[in-house]
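Number of protein chains: 2
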Amino acid sequence: MFEAVELGQVLRHAKYEAALPRLRSSLLQAHLDLRGQKFQVIVIVSGADGAGKGELVHRLNEWLDPRGVETHAFWEASDEELERPMHWRFWRAMPGRGRVGIFFGSWYTEPVVGRVFGRLSRGQLDAALQRIVELEQMLTADGTLLVKLWLHLPKKEQKKRLKKLERAGRLAPDDWKHFKCYDKFAKVSQRALRHTGTAAVPWRLIEATDRRYREFTAGTLLRDAIRQHLVEAAAEKAPPSPAANRRRSRRISLLDRIDEGGRLEASAYARRLKALQTRLSRLTWEARERRVSTVMVFEGWDAAGKGSGIRRVTQAMDPRLYRVVGIAAPTDEERAQHYLWRFWRHLPRSGRLAIFDRSWYGRVLVERVEGFAPPADWGRAYQEINAFEEQLVEHGIVVIKFWLNVSAREQLRRFRERQEVVYKRYKITEEDWRNRSKRGAYQVAVEEMIERCSTEVAPWTLVAGDDKKSARVSILQTAVERLETAL
Amino acid sequence: MFEAVELGQVLRHAKYEAALPRLRSSLLQAHLDLRGQKFQVIVIVSGADGAGKGELVHRLNEWLDPRGVETHAFWEASDEELERPMHWRFWRAMPGRGRVGIFFGSWYTEPVVGRVFGRLSRGQLDAALQRIVELEQMLTADGTLLVKLWLHLPKKEQKKRLKKLERAGRLAPDDWKHFKCYDKFAKVSQRALRHTGTAAVPWRLIEATDRRYREFTAGTLLRDAIRQHLVEAAAEKAPPSPAANRRRSRRISLLDRIDEGGRLEASAYARRLKALQTRLSRLTWEARERRVSTVMVFEGWDAAGKGSGIRRVTQAMDPRLYRVVGIAAPTDEERAQHYLWRFWRHLPRSGRLAIFDRSWYGRVLVERVEGFAPPADWGRAYQEINAFEEQLVEHGIVVIKFWLNVSAREQLRRFRERQEVVYKRYKITEEDWRNRSKRGAYQVAVEEMIERCSTEVAPWTLVAGDDKKSARVSILQTAVERLETAL
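So the sequences go chain by chain: A and B.
Residue 0 is where the first sequence starts when you use numbering that gives the first Met the number 0, and the numbers rise one by one after that.
Residue 0 is where the second sequence starts when you use numbering that gives the first Met the number 0, and the numbers rise one by one after that.
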């Protein structure tokens with residue numbers, strides 16, 4: 000496929016100079032038009048060493064409005080990055096809506112280079128490419144415009160360029176080492192390009208021998224891509240909802256069948272709680288030792304006991320080992336991103352735990368029921384969430400998810416109780432009563448969530464919550480068992 | 000000083016249970032009253048191992064509204080943290096305004112522990128304590144309430160507690176090792192407490208032998224501190240301005256004396272530019288090798304050539320080595336923090352460069368002139384900025400600051416030119432014309448900034464900017480010289 004662009008394209012100086020002002024003003028205009036748009040643009044600059052990627056990055060920075068563009072160069076990962084799933088560092092660097100992010104090096108670099116130098120098997124390469132396709136699909140579905148540029152340089156030309164760079168003292172440390180693997184690099188790259196060039200996110204191959212040609216071509220491609228995306232975004236109608244025709248309810252409800260079990264006596268409760276907390280404490284130290292991280296998710300009805308359940312879990316842990324991440328309304332930096340961004344941000348370092356008090360499941364619960372997200376968006380989310388959790392598990396993170404159930408009747412009793420105890424009163428708001436009145440709609444959403452997101456690697460644990468004591472014991476029991484299995 | 004709290008204080012169960020509901024509801028109310036306030040609360044939980052710090056952290060989390068509190072436990076620093084000045088990790092974790100941050104371990108931990116185990120000399124300990132005093136003063140001046148709790152445990156009691164924790168399998172790895180140094184630890188701690196307990200930010204010593212006593216006391220102290228701070232914040236009048244009586248202008252203006260030098264011919268310019276860029280390129284690779292980072296600051300009049308100056312610098316560098324940080328209006332996460340927070344956030348990893356297009360100096364330029372910050376705030380900023388830059392330099396970062404000057408006349412010519420070139424027109428806005436009309440006020444601010452913030456370790460370089468070519472050469476020349484000296 001690379002041969003197809005080895006055409007010897009050249010742009011003469013005079014022609015370049017004559018055409019440049021028009022390109023610059025139209026590209027800049029397209030960039031300025033992005034302001035206030037609901038999508039971001041990611042420009043991936045990839046290709047052979049010495050193909051002028053760095054120069055192109057400089058050029059784009061010169062041509063675009065500096066206030067609306069940011070450049071991220073990905074090189075060796077830091078230990079904080081290595082301790083999270085591979086895509087964490089890219090999520091960290093995502094531009095906000097209305098902005099352009101230029102990625103020099105990207106999610107392609109490590110899979111391709113890793114395969115070339117034998118760190119990855121062919122199967123591992125393909126798995127990594129599959130994750131990339133999922134990521135790009137997810138970003139695209141969220142509206143992001145991905146412009147993937149590949150600068151191709153014939154072998155002969157690469158040698159020439161590297162020599163020239165060397166003379167100027169501007170060679171990067173690994174350049175010659177990479178050159179020796181030119182053929183392997185070309186082969187693996189082409190495999191990567193074939194796997195990941197989809198109709199929605201095509202690769203743009205650019206012959207890189209001539210500086211003026213490659214830069215002018217890249218600028219033109221970027222301008223046209225932004226323009227077209229702006230037109231499409233303006234014309235966008237809500238696509239047909241994938242959920243519209245789905246049956247609205249089930250004859251036998253999953254939640255109604257949760258076995259409420261018996262009540263736990265105070266003395267038995269105290270004994271079991273203590274025993275489980277001691278085990279959990281030891282396990283968290285062991286996990287720390289073995290660098291295994293854990294993500295716990297607590298979802299449940301209002302007043303189902305999420306807060307007190309979390310406290311029984313954290314009481315067993317050294318505060319240096321865990322963080323509780325309470326999920327409330329997003330900040331504006333979070334709103335300017337894909338909805339999963341704010342959760343990526345809080346993934347734990349290795350050997351630590353992150354406990355999410357509400358989570359990414361808000362997408363298919365409150366956002367669905369309250370209509371904050373259109374059906375196409377939350378309908379897609381099940382798959383996105385499963386892919387996200389799979390990445391966590393692949394990285395070795397233990398994912399433990401609790402749905403805390405409580406009957407409508409018990410919930411009412413607790414709401415009333417909260418209003419009576421002074422220091423609990425703040426917990427109950429108008430919103431809780433409003434949510435309660437929509438219990439039916441929420442129940443449909445909860446059941447669909449449990450059904451579609453109980454994967455083998457990250458199953459939901461349903462907790463019967465009418466008896467607080469046995470609910471807490473059962474949460475601790477599950478946490479202990481899951482960790483014991485994992486360690 | 001620790002003996003003063005070895006009083007054998009105990010709170011009996013019945014008394015505790017009777018008093019707790021009132022404490023909880025009043026503490027919670029104080030916490031809820033924080034919402035929407037313009038200050039944050041940082042609770043530092045320090046003290047001996049086994050004194051119940053972890054339990055206290057859990058208890059405070061139980062008592063406070065989970066939506067308004069976050070706990071940060073500081074342990075081993077990550078490599079990303081080690082590559083920045085010591086306080087970076089704490090800036091990373093600062094709670095936003097209206098919120099409570101509980102710091103388990105804090106900026107005190109490493110100096111004290113480091114001194115106990117001989118990693119720090121006594122002089123280094125004192126220097127670290129001095130940095131802490133500066134940090135706390137700066138936060139306090141910004142309105143932050145700092146509540147510093149020290150849980151003290153007599154030696155005998157510590158031994159008992161550690162044995163008990165050991166039996167429960169809940170001992171942290173270093174606890175016994177630390178116990179062996181009890182006396183040294185006590186001595187160094189007291190030194191730290193004496194140095195850093197100021198009237199504005201006192202230490203609160205709590206006898207930690209009895210769980211109920213220490214938790215109740217801590218809760219009460221926190222509640223009272225928040226209450227008092229709320230009262231003070233409500234009553235606050237603008238303090239007398241430190242700048243009010245300052246002379247408004249100088250007889251001989253610093254900026255007007257900048258030597259404009261001669262114009263540089265195109266061919267000489269091209270030659271010198273290329274030579275300097277080649278040197279700079281080599282230097283950045285060498286800095287990378289030697290793990291020396293660089294922070295460059297570009298400030299200057301509108302249209303003075305900041306953007307094009309930065310481009311000439313970055314053209315010489317591999318995009319993996321630098322980041323340009325454009326400073327525009329803060330995001331809401333940034334607005335919820337001390338004004339320096341957003342700059343801490345962008346400090347480079349070791350061996351990299353961060354290039355700030357406008358910077359923390361906005362505090363004493365635009366915020367001063369436009370009245371966005373009251374005189375007391377920007378008046379204090381010179382000292383805060385000097386302390387900040389000193390920390391960078393102490394950490395081994397090269398700090399290079401450019402003021403790009405341009406005469407009023409040349410500025411006008413460029414404004415007009417920008418309006419004529421299509422792809423430059425966007426650069427010129429109403430605001431630029433407004434700023435220009437305030438040139439006199441800005442000039443006073445610029446000169447005071449240069450005078451007060453040209454420290455030995457981080458001097459300002461004034462660049463005569465009327466001739467763009469010689470300005471660019473002089474920027475590159477300075478950058479090259481500063482790096483050569485540093486490497």
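Yeah, the Cβ is synthetic: ideal placement off N, Cα and C, and Gly gets one too.
Collapsing the DSSP output to three states places Met-137/A in a helix. Taking 8 Å as the cut-off between beta carbons, the residues of the region 100 to 120 of chain B near chain A are Phe-103 and Gly-104, in sequence order.
For Val-421/B, the closest Cβ of chain A is nearer than 8 Å. Contact residues of the region 285 to 314 of chain B toward chain A are Gly-306, Arg-310, Thr-313 and Gln-314 (C-beta to C-beta distance below 7 Å). In the structure shown, Lys-147/B falls within a strand segment according to DSSP collapsed to helix, strand and coil.
For the pair Leu-128/B and Pro-110/B, the CB atoms are nearer than the 8 Å cut-off.
Looking at the backbone, the Cα of Ser-473/A and that of Val-462/A are separated by about 7 Å. Taking Val-392/B as the centre and dropping the five residues before and after it, the same chain places the C-beta of Val-398, Val-456 and Ala-457 closer than 7 Å to its C-beta, in chain order. Around the Cβ of Ala-380/A, a 10 Å sphere holds 16 or more other Cβ atoms; the residue is buried. For Tyr-441/B, the uninterrupted alpha helix (DSSP H) segment begins and ends at 438 to 452. The Cβ atoms of His-57/B and Thr-195/A do not sit closer than 8 Å to each other. In this structure, Tyr-360/B sits near Glu-298/B, with a CB-CB distance shorter than 8 Å. Taking the beta carbon of Arg-66/A as reference, the chain B residues within 7 Å of it are Gly-325 and Ala-327, listed in sequence order.
With respect to Val-291/A, Gly-378/A sits apart: the two C-beta atoms are not nearer than 8 Å.
Note on Asp-78/B: under 16 other CB atoms within 10 angstroms of its CB, so exposed under the neighbour-count rule. In this structure Trp-432/B is exposed. Its beta-carbon is surrounded by fewer than 16 other beta-carbon atoms within 10 angstroms.
A check of alpha carbon separations from Ala-485/B across Val-420/B, Ile-326/B and Leu-282/B identifies Leu-282/B as the nearest.
Contacts with chain B at 8 Å (Cβ-Cβ) include Asp-356/A. For a Cβ distance threshold of 7 Å, nothing in chain A lies close to His-86/B: the least Cβ distance comes to about 18 Å. Assigned with DSSP and collapsed to three states, Thr-208/A falls in coil, not helix or strand. Those residues of the region 43 to 66 of chain A placed with their C-beta closer than 9 Å to a C-beta in chain B are Val-44, Lys-52, Gly-53, Glu-54, Val-56, His-57, Asn-60, Glu-61, Trp-62, Asp-64, Pro-65 and Arg-66, ordered along the chain.
Following the DSSP letters along the chain, one finds Glu-156/A inside the alpha helix (DSSP H) bounded by residues 154 to 166. Listed by position along chain B, the residues whose Cβ is nearer than 7 Å to that of Leu-31/A are Tyr-425. Inter-residue distance for Leu-164/B and Gln-39/B is about 34 Å (C-alpha atoms, whole angstroms). Counting other Cβ atoms within 10 Å of its Cβ, Arg-11/A stays below 16 and is therefore classed as exposed.
Judged by DSSP in its simplified three-state form, Arg-341/B adopts helix.
In the three-state scheme derived from DSSP, where H, G and I count as helix and E and B as strand, Trp-175/A is classed as helix. At least one CB atom of chain B sits nearer than 8 Å to the CB of Glu-79/A.
DSSP places Trp-284/A inside the alpha helix (DSSP H), whose first and last residues are 265 to 289. For secondary structure counted as the beta strand (DSSP E) over 3 or more consecutive residues, the region 310 to 371 of chain B holds these complete runs in sequence order: 321 to 325 and 352 to 356. At a Cβ-Cβ threshold of 8 Å, Phe-401/A and Val-324/A do not count as neighbours.
Contact of Leu-352/B with chain A is not assigned, every C-beta pair being separated by 8 Å or more. Between Thr-454/A and Glu-388/A, the gap from beta carbon to beta carbon is short of 8 Å. About 6 Å separates the beta carbon of Leu-150/B from that of Gly-51/B, a gap short enough to meet the 8 Å contact definition.
DSSP, read as helix, strand or coil, puts Trp-432/B in helix. The region 462 to 471 of chain A makes contact with the region 256 to 263 of chain A; the number of CB pairs closer than 8 Å reaches 3 or more.
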